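The block underneath contains the structure these notes are about, expressed in structure tokens.
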Amino acid sequence: MAQHVLEIRNLHKSFGEREVIHGLDLDVRKGEVVVVIGPSGCGKSTLLRCINGLEPIQQGEIFLNGKSITSGKIKWNLVRQQIGMVFQSYDLFPHMNVMENILLGPLKAQGRRREEVEAEAEALLARVGLLDRKDSFPSQLSGGQKQRVAIVRALCMKPEMMLFDEVTASLDPEMVREVLDVILGLADEGMTMMIVTHEMAFAKAVADRVIFMDGGVVVESARPEVFFETPQTERARKFLNTFQFREVRHCLDEDDEDCLP
Amino acid sequence: MDIDYIVAHIPMFGKAAFLTISLALAGILLSLLIGLACALVRYFRVPLLHRLIAAYIELSRNTPLMIQLFFLYYGLTRVGIMLEGVTCAIVGLAFLGGGYMAEAIRSGLDAVGRVQIESGLSIGLSRLQLIRYVVLPQAMAVAVPAIAANTIFLIKETSVFSIIALPDLMYVAKDLMKEGNSNESNFMLVVSYLVLILPVSLFFTRLERRMRRAGLGH
Numbered sequence: 001m002a003q004h005v006l007e008i009r010n011l012h013k014s015f016g017e018r019e020v021i022h023g024l025d026l027d028v029r030k031g032e033v034v035v036v037i038g039p040s041g042c043g044k045s046t047l048l049r050c051i052n053g054l055e056p057i058q059q060g061e062i063f064l065n066g067k068s069i070t071s072g073k074i075k076w077n078l079v080r081q082q083i084g085m086v087f088q089s090y091d092l093f094p095h096m097n098v099m100e101n102i103l104l105g106p107l108k109a110q111g112r113r114r115e116e117v118e119a120e121a122e123a124l125l126a127r128v129g130l131l132d133r134k135d136s137f138p139s140q141l142s143g144g145q146k147q148r149v150a151i152v153r154a155l156c157m158k159p160e161m162m163l164f165d166e167v168t169a170s171l172d173p174e175m176v177r178e179v180l181d182v183i184l185g186l187a188d189e190g191m192t193m194m195i196v197t198h199e200m201a202f203a204k205a206v207a208d209r210v211i212f213m214d215g216g217v218v219v220e221s222a223r224p225e226v227f228f229e230t231p232q233t234e235r236a237r238k239f240l241n242t243f244q245f246r247e248v249r250h251c252l253d254e255d256d257e258d259c260l261p
Numbered sequence: 001m002d003i004d005y006i007v008a009h010i011p012m013f014g015k016a017a018f019l020t021i022s023l024a025l026a027g028i029l030l031s032l033l034i035g036l037a038c039a040l041v042r043y044f045r046v047p048l049l050h051r052l053i054a055a056y057i058e059l060s061r062n063t064p065l066m067i068q069l070f071f072l073y074y075g076l077t078r079v080g081i082m083l084e085g086v087t088c089a090i091v092g093l094a095f096l097g098g099g100y101m102a103e104a105i106r107s108g109l110d111a112v113g114r115v116q117i118e119s120g121l122s123i124g125l126s127r128l129q130l131i132r133y134v135v136l137p138q139a140m141a142v143a144v145p146a147i148a149a150n151t152i153f154l155i156k157e158t159s160v161f162s163i164i165a166l167p168d169l170m171y172v173a174k175d176l177m178k179e180g181n182s183n184e185s186n187f188m189l190v191v192s193y194l195v196l197i198l199p200v201s202l203f204f205t206r207l208e209r210r211m212r213r214a215g216l217g218h
């Protein structure tokens, strides 16, 4: 039996009167890549934020490696060291250079040795092609470069799993690829991940399982080839149609006949 | 203007200037500490305490320093507390400055985006580490211009210390004016304050440039 890194039971989350997640259940196996898609406002980003304790939940339970992280006295800073998170907006610390950004967590929060972490950071930076920018400040980097550094910063904490919250949504189109390639690489290495994205082609390529959320619940959960080819519900079909329509529109705008189906 | 008179009185003004700047320095350093503490309490909305601090800030910023000093120097004697002039001056200046510095630092804290805090938390920093390594460096860089303005304002405010009989610049100048050399005294007073404040002003201009680079990365 595969081991579950993350188990979510009957999760309820509301903002004031408005409930955005209604009793959600989800298991994530070790090494599994779960892509969460759905219309905006469906609660997918909120779901990630609940897992990382950035949003308090109203009901239900979340287990990380079998231990509850929602009941009893939780040391969130320790939990968060096991769950890496990358946000949509470029969230690097502007007053620190790339290396300092990466080292802050491992040195201060985890109390690890500088030489050891620095060597790891350099290896990770080299992997995402940014070793030569380790002394740069965030303001000197492009959006795509900043997101790659943010990923390295999270990885350097040696997390159990990674959460990606629409990490390419504010990037210029030509920079989306360089960030997604890094995430694809992580998937190949067996990193457990939950990814919220609107990049459908990427979702198809990276996911072991696609979760379609709408109205605060999981509407469909299936392997990507099943979900994208034969969605089971009307809601999922409608959602996927809007993307196809968008692609068609895009092709018309670009006046590129090759890309029409 | 009588140059000899001016030259003869330079040591006297020098001594007074030293007292002025010492009191100002002590009061301003305390203001910064008070301001930082108050700003953090308000920023993190510490229950109850943050309302108290809000009241303090309004009280300190909306009453004249002269009245605050009268209260400390004369008012407190009614309840049996006798403070020395120097103590009153420093406490008074810190009380006034604390409110101003709190607002300056808070404006800096408010400028630090929520996502900065969330990304700090998401790499497992504790609250204290978050404040120290992520929030304050950025907040202070934004707050420097306001802190500079407050500092200069507070140095100038020390001129009311003469009312509680402290021999600062204003006190010495007023004394000499009574002897009838008001032109010379006035001139020396203005020059003394300029000599004190101009370097402070230049220091902050440079600090601002450096903090902008260090605090905001450009």
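The listed protein sequences derive, respectively, from chains A and B.
With the working numbering applied, the first sequence closes on residue 261, and no number is skipped along the way.
With the working numbering applied, the second sequence closes on residue 218, and no number is skipped along the way.
A virtual CB, placed ideally from N, CA and C, is assigned to each residue, including glycine.
No experiment lies behind these values; they were computed from the predicted model shown.
Asked                                                                                                                   : Found
Interface partners of A/K146 on chain B, CB under 9 Å                                                                   : Residues of chain B passing the Cβ test: none, with the nearest at roughly 11 Å.
Given A/E189 as reference, the closest of A/F164, A/Q82, A/Q59 and A/G31 once Cα atoms are compared                     : A/G31
Buried or exposed (CB count within 10 angstroms, at least 16 for buried), A/L260                                        : Legend: pLDDT at A/L260 = 47, less than 50; position of this residue unreliable, value from coordinates given subsequently. It counts as exposed.
Residue-level contact to chain A via CB, B/L125, 7 Å cutoff                                                             : yes
One or two residues paired with A/A222 in a DSSP bridge                                                                 : A/V210
From A/L155, A/L141, A/V117 and A/L104, residue whose alpha carbon lies closest to that of B/L130                       : A/L104
Nearest-angstrom beta carbon gap, A/T192 and A/E220 [assumed within contact, 8 Å]                                       : Not really, about 21 Å apart at Cβ, beyond 8 Å.
Environment of B/D240 [buried if 16+ CB atoms lie within 10 Å]                                                          : The first residue shown for chain B is 1 and the last is 218, placing residue 240 of chain B beyond what the model contains.
CB-CB length for B/L166 against B/A139, believed under 8 Å                                                              : Not a contact, Cβ separation roughly 34 Å.
B/P137 at chain A interface by Cβ criterion, 7 Å                                                                        : yes
6 Å Cβ shell around B/Y73 - same chain, five flanking residues per side excluded                                        : C88 and I164
A/E178 - DSSP class collapsed to helix/strand/coil                                                                      : helix
For A/V34 and A/M200, the rounded distance between their alpha carbons                                                  : 13 Å
Neighbourhood of A/M1 by C-beta, 7 Å cutoff - its chain only, sequence neighbours within 5 removed                      : Below a pLDDT of 50, predicted positions are generally treated as unreliable, and A/M1, at 46, falls in that range; the measurement from the model is reported next regardless. Correct list: empty, nothing qualifies.
Beta-carbon neighbours of A/D91, restricted to chain B and to distances below 8 Å                                       : V115, Q116, E118 and S119
Within-7 Å CB hit, A/G105 to chain B                                                                                    : yes
Min CB distance A/A169 to chain B below 7 Å                                                                             : no
Proximity test, Cβ basis, 7 Å: B/V160 and chain A                                                                       : no
Residues from the region 59 to 88 of chain B in contact with chain A, defined by Cβ distance under 8 Å                  : none
Segment limits, alpha helix (DSSP H) that includes B/M101                                                               : G85 to D110
N- and C-terminal bounds of the alpha helix (DSSP H) containing A/L125                                                  : R114 to R127
Contact under 7 Å by Cβ, A/V176 with A/V128                                                                             : no
Nearest to B/V86 (by Cα), restricted to the options B/I123, B/G27 and B/P11                                             : B/G27
Residues of its chain near A/D214, where Cβ-Cβ distance is below 7 Å and the 5 sequence neighbours each way are ignored : G38, P39, C42 and R235
Simplified DSSP assignment, three categories, for A/E229                                                                : helix
Where A/F164 falls: helix, strand or coil (DSSP)                                                                        : strand
Within-7 Å CB hit, B/V134 to chain A                                                                                    : yes
Residue-level contact to chain B via CB, A/K13, 7 Å cutoff                                                              : no
contact_flag[the region 45 to 56 of chain B, the region 112 to 125 of chain B] where n(CB pairs < 8 Å) is 3 or more     : no
Counted within 10 angstroms of its Cβ, other Cβ atoms place B/P199 as buried (16 or more) or exposed                    : exposed
Closer than 7 Å at the beta carbon, the chain A residues around B/S122                                                  : N52, R80 and M85
Amino acids of chain B, ordered along the chain, whose beta-carbon sits closer than 9 Å to that of A/R153               : S119 and I123
Neighbourhood of A/N52 by C-beta, 7 Å cutoff - its chain only, sequence neighbours within 5 removed                     : R80, I83, M85 and L163
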